[in-house]
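The numbering of the sequence shown is this note's numbering, which starts it at -1 and goes up by one. The beta carbon of each residue, even a glycine, is placed where N, CA and C say it ideally should be.
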Amino acid sequence: MAFTSFYTPLLRILLLSALSLLSVQAAPLQTRQDVAAFATLSTPEISAFQPFTHYASTAYCQATQTRDWSCGANCDANPTFQPVASGGDGNDVQFWYVGVDPTLKTVVVAHQGTDPSKLMPLLTDADFFLGELDPELFPGIDSEIEVHDGFRDAHAEYGLRHFSAPTFSLM
């Protein structure tokens, strides 16, 4: 299992490298005229998203800091947040945390994005082919839905920890 989980993304990277040597011409699927007009948000509408930007930034903090909500300015920006669980090492398993914000009446599940200074997240990102979700992890999911293989495989490896924490948060 460890052999397969490490070498599968590596083999895909090698395949991608070989394929990148071929010349490919691409055209945009949509032109600017095809895109619907967008609305400008008001200052209050933008401000409503601010707590969530701090939650997203906090996902890059050490698990010990999110566990006791002591990571500095981003944690201080959401002082009523109550962490339930956190984990990850920032490399093999990206940082994550789960908790409740009673002020927003929201369960927050946050997951670190890619840290380009670490090798494993880059390998996960390079495994970019689409694949189906595991119906045991996502009961009732439409089999037509596909996701990034790297995310799917990483989620399958440690995602169950995320699911138990939100369930606990809602009790």
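Asked, Found
"Under 8 Å between the Cβ atoms of residue 118 and residue 89?", "yes"
"Helix, strand or coil, according to DSSP, for residue 121 in the structure here?", "helix"
"Would the beta-carbon of residue 56 fall within 8 Å of that of residue 62?", "no"
"Cβ atoms of residue 128 and residue 151: under 8 Å apart, would you say?", "no"
"List the residues that DSSP assigns as beta-bridge partners of residue 130.", "144"
"In whole angstroms, what separates the C-alpha of residue 35 from that of residue 134?", "40 Å"
"Helix, strand or coil: how does DSSP classify residue 181 here?", "Residue 181 lies beyond the residue range present for the chain, which begins at -1 and ends at 169; the question has no answer from this structure."
"Have a look at residue 37 and residue 43 and give me their C-alpha separation to the nearest angstrom.", "12 Å"
"Can you list, in chain order, the residues of its chain with a C-beta nearer than 7 Å to that of residue 109? Leave out the 5 residues immediately preceding and following it.", "57, 92, 94"
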